[in-house]
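UniProt numbering applies: residue 1 is where the sequence shown begins, and numbers increase by one. The beta-carbon is built from N, C-alpha and C at its ideal position, and this holds for glycine as well. The model shown is predicted, which means the values in this text are computed figures rather than measured ones.
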Amino acid sequence: MGKRIIKEIISWVLVFGIAFLLALIINRFVIFKVEVPTGSMENTIMTGDKVFTFRLSYLFSKPKRGDIIVFPFPDNEELDYIKRIIGTPGDKIEIREGILYINDQEVVEDYIMEPMEKEDMEAVVVPEGCYFVMGDNRNSSMDSRVWINKFVEGDKIKGKAIFKYPNFTWLN
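Structure follows, in C-alpha coordinates:
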(Lines of atoms letter the chains of each structure in order from A and count residues from 1; the text may use other names and numbers.)
(Lines give C-alpha, C1' and ligand atoms only; values in the text may rest on other atoms or scores of the structure.)
Protein backbone atom coordinates (compact mmCIF):
# COMPACT_ATOMS: atom_id res chain seq x y z
CA MET A 1 0.00 0.00 0.00
CA GLY A 2 2.85 2.40 0.82
CA LYS A 3 4.54 1.95 -2.59
CA ARG A 4 1.28 2.77 -4.36
CA ILE A 5 0.92 6.05 -2.45
CA ILE A 6 4.53 7.01 -3.21
CA LYS A 7 4.01 6.24 -6.93
CA GLU A 8 0.82 8.33 -6.91
CA ILE A 9 2.62 11.26 -5.26
CA ILE A 10 5.49 11.02 -7.74
CA SER A 11 3.06 10.96 -10.66
CA TRP A 12 1.33 14.11 -9.36
CA VAL A 13 4.68 15.87 -8.81
CA LEU A 14 5.66 14.96 -12.38
CA VAL A 15 2.35 16.26 -13.78
CA PHE A 16 2.69 19.58 -11.92
CA GLY A 17 6.38 19.83 -12.83
CA ILE A 18 5.68 19.30 -16.53
CA ALA A 19 2.75 21.75 -16.43
CA PHE A 20 4.97 24.37 -14.75
CA LEU A 21 7.75 23.83 -17.30
CA LEU A 22 5.29 24.11 -20.22
CA ALA A 23 3.84 27.31 -18.75
CA LEU A 24 7.34 28.81 -18.51
CA ILE A 25 8.16 27.85 -22.10
CA ILE A 26 4.87 29.20 -23.44
CA ASN A 27 5.30 32.45 -21.50
CA ARG A 28 8.90 32.90 -22.66
CA PHE A 29 8.51 31.93 -26.32
CA VAL A 30 4.83 32.03 -27.36
CA ILE A 31 2.58 34.44 -25.45
CA PHE A 32 2.98 36.99 -22.68
CA LYS A 33 0.71 39.33 -20.77
CA VAL A 34 0.95 43.13 -20.79
CA GLU A 35 -0.96 45.45 -18.47
CA VAL A 36 -1.83 48.78 -20.09
CA PRO A 37 -0.86 51.61 -17.70
CA THR A 38 -2.17 54.62 -19.64
CA GLY A 39 -5.16 55.72 -21.68
CA SER A 40 -3.26 56.11 -24.95
CA MET A 41 -5.13 53.20 -26.60
CA GLU A 42 -8.63 54.01 -25.28
CA ASN A 43 -11.36 53.03 -26.22
CA THR A 44 -9.78 50.00 -27.90
CA ILE A 45 -7.81 49.02 -24.80
CA MET A 46 -8.69 50.69 -21.51
CA THR A 47 -6.30 51.72 -18.73
CA GLY A 48 -5.67 48.66 -16.56
CA ASP A 49 -6.77 46.14 -19.20
CA LYS A 50 -4.51 43.17 -19.64
CA VAL A 51 -3.53 42.05 -23.13
CA PHE A 52 -2.20 38.70 -24.29
CA THR A 53 0.50 39.20 -26.88
CA PHE A 54 1.52 36.51 -29.37
CA ARG A 55 5.29 36.46 -29.83
CA LEU A 56 5.19 34.30 -32.98
CA SER A 57 2.81 36.52 -34.99
CA TYR A 58 5.53 37.81 -37.26
CA LEU A 59 7.55 34.64 -37.62
CA PHE A 60 6.19 34.00 -41.14
CA SER A 61 4.63 37.37 -42.04
CA LYS A 62 5.35 41.06 -41.66
CA PRO A 63 3.39 43.43 -39.44
CA LYS A 64 0.46 45.13 -41.16
CA ARG A 65 -1.17 48.52 -40.87
CA GLY A 66 -3.75 48.33 -38.10
CA ASP A 67 -1.98 45.67 -36.02
CA ILE A 68 -1.64 46.49 -32.32
CA ILE A 69 1.89 45.65 -31.23
CA VAL A 70 4.07 45.57 -28.11
CA PHE A 71 7.61 46.90 -28.48
CA PRO A 72 10.36 48.59 -26.47
CA PHE A 73 9.89 52.38 -26.44
CA PRO A 74 12.43 53.64 -29.03
CA ASP A 75 13.64 56.48 -26.76
CA ASN A 76 14.05 54.24 -23.68
CA GLU A 77 14.10 50.52 -24.45
CA GLU A 78 13.61 49.58 -20.78
CA LEU A 79 9.90 50.45 -21.19
CA ASP A 80 7.41 48.45 -23.26
CA TYR A 81 4.74 50.32 -25.22
CA ILE A 82 1.59 49.13 -26.96
CA LYS A 83 0.38 51.06 -30.02
CA ARG A 84 -1.28 50.57 -33.40
CA ILE A 85 0.78 50.39 -36.61
CA ILE A 86 -0.15 53.31 -38.85
CA GLY A 87 2.71 53.34 -41.34
CA THR A 88 4.63 50.45 -42.86
CA PRO A 89 7.99 50.62 -44.67
CA GLY A 90 7.90 53.14 -47.54
CA ASP A 91 4.66 54.84 -46.43
CA LYS A 92 4.50 58.62 -46.38
CA ILE A 93 2.75 59.75 -43.16
CA GLU A 94 1.44 63.28 -42.70
CA ILE A 95 -1.07 65.08 -40.49
CA ARG A 96 -2.75 68.26 -41.74
CA GLU A 97 -5.25 70.08 -39.54
CA GLY A 98 -5.78 66.97 -37.44
CA ILE A 99 -6.38 64.66 -40.41
CA LEU A 100 -4.10 61.68 -41.01
CA TYR A 101 -2.84 61.08 -44.55
CA ILE A 102 -1.00 57.97 -45.68
CA ASN A 103 0.60 58.22 -49.12
CA ASP A 104 -1.41 61.43 -49.70
CA GLN A 105 -4.74 59.65 -49.05
CA GLU A 106 -6.96 60.71 -46.15
CA VAL A 107 -7.40 57.86 -43.70
CA VAL A 108 -10.74 57.16 -42.02
CA GLU A 109 -10.20 55.46 -38.67
CA ASP A 110 -13.31 54.15 -36.94
CA TYR A 111 -11.35 52.95 -33.89
CA ILE A 112 -10.04 56.30 -32.64
CA MET A 113 -11.57 57.76 -29.49
CA GLU A 114 -12.16 61.26 -30.88
CA PRO A 115 -10.90 63.35 -33.79
CA MET A 116 -7.35 64.62 -33.46
CA GLU A 117 -6.89 68.18 -32.37
CA LYS A 118 -6.16 70.48 -35.30
CA GLU A 119 -2.47 69.66 -35.35
CA ASP A 120 -0.02 69.33 -38.18
CA MET A 121 2.88 66.93 -38.58
CA GLU A 122 5.36 67.35 -41.38
CA ALA A 123 5.44 64.43 -43.81
CA VAL A 124 7.80 61.56 -42.94
CA VAL A 125 8.61 58.46 -44.94
CA VAL A 126 8.83 55.24 -42.93
CA PRO A 127 12.28 53.69 -43.44
CA GLU A 128 12.72 50.10 -44.60
CA GLY A 129 12.33 47.65 -41.73
CA CYS A 130 10.54 50.20 -39.52
CA TYR A 131 6.98 51.16 -38.52
CA PHE A 132 5.19 54.37 -37.56
CA VAL A 133 2.83 53.82 -34.62
CA MET A 134 0.14 55.84 -32.87
CA GLY A 135 -2.23 55.36 -29.94
CA ASP A 136 -5.97 55.21 -30.65
CA ASN A 137 -6.58 58.02 -28.15
CA ARG A 138 -4.69 60.46 -30.37
CA ASN A 139 -5.07 63.51 -28.13
CA SER A 140 -3.52 61.69 -25.13
CA SER A 141 -0.90 59.48 -26.77
CA MET A 142 2.85 59.90 -26.77
CA ASP A 143 3.73 58.11 -30.00
CA SER A 144 5.73 58.32 -33.23
CA ARG A 145 4.53 61.88 -33.77
CA VAL A 146 6.55 63.20 -30.83
CA TRP A 147 9.32 60.71 -30.12
CA ILE A 148 12.96 61.55 -30.80
CA ASN A 149 13.33 58.17 -32.57
CA LYS A 150 10.09 58.24 -34.55
CA PHE A 151 10.05 54.68 -35.81
CA VAL A 152 9.78 51.21 -34.29
CA GLU A 153 12.28 48.79 -35.78
CA GLY A 154 10.58 45.63 -37.02
CA ASP A 155 13.06 43.29 -35.38
CA LYS A 156 12.33 44.87 -31.97
CA ILE A 157 8.59 44.14 -32.05
CA LYS A 158 7.88 41.73 -29.20
CA GLY A 159 4.51 40.57 -30.46
CA LYS A 160 0.99 41.30 -31.65
CA ALA A 161 -1.88 41.92 -29.23
CA ILE A 162 -4.38 39.11 -29.73
CA PHE A 163 -6.75 39.19 -26.76
CA LYS A 164 -7.62 41.68 -24.03
CA TYR A 165 -9.45 41.24 -20.80
CA PRO A 166 -10.49 43.87 -18.27
CA ASN A 167 -8.96 44.51 -14.90
CA PHE A 168 -11.27 42.57 -12.59
CA THR A 169 -10.83 44.82 -9.53
CA TRP A 170 -13.64 43.00 -7.70
CA LEU A 171 -11.38 39.92 -7.52
CA ASN A 172 -8.72 41.74 -5.51
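By the criterion of at least three beta-carbon pairs nearer than 8 Å, the region 46-61 is in contact with the region 149-165. For valine 146, there is no enclosing beta strand (DSSP E), as DSSP marks it with neither H nor E. Taking a contact to require three or more Cβ pairs closer than 8 Å, the region 128-142 and the region 33-48 qualify as touching.
Counting along the chain, the unbroken beta strand (DSSP E) around glycine 159 starts and ends at 159-165. Under the three-state reduction of DSSP output, glutamate 35 falls in the strand class. Straight across, the Cα-Cα distance linking isoleucine 6 with phenylalanine 132 is about 59 Å. By the Cβ criterion, the region 61-76 is not in contact with the region 121-129, since fewer than three pairs of Cβ atoms, one from each stretch, lie closer than 8 Å. The DSSP-derived three-state label of leucine 100 is strand. In terms of CA proximity to isoleucine 102, Glu122 leads the group Lys83, Phe71, Glu122 and Ile10. Apart from the 5 residues on each side of it in sequence, isoleucine 95 sits with its Cβ closer than 8 Å to the Cβ of Tyr101, Met116, Glu119, Asp120, Met121 and Arg145 in its chain, given in chain order. For glycine 129, no alpha helix (DSSP H) segment is defined, and its DSSP state is neither H nor E. As the crow flies, the alpha-carbon of phenylalanine 163 is around 23 Å from that of glutamate 153. Spatial neighbours of phenylalanine 29 in its own chain (CB-CB distance under 7 Å, excluding positions within 5 residues in sequence) are listed in chain order as Arg55.
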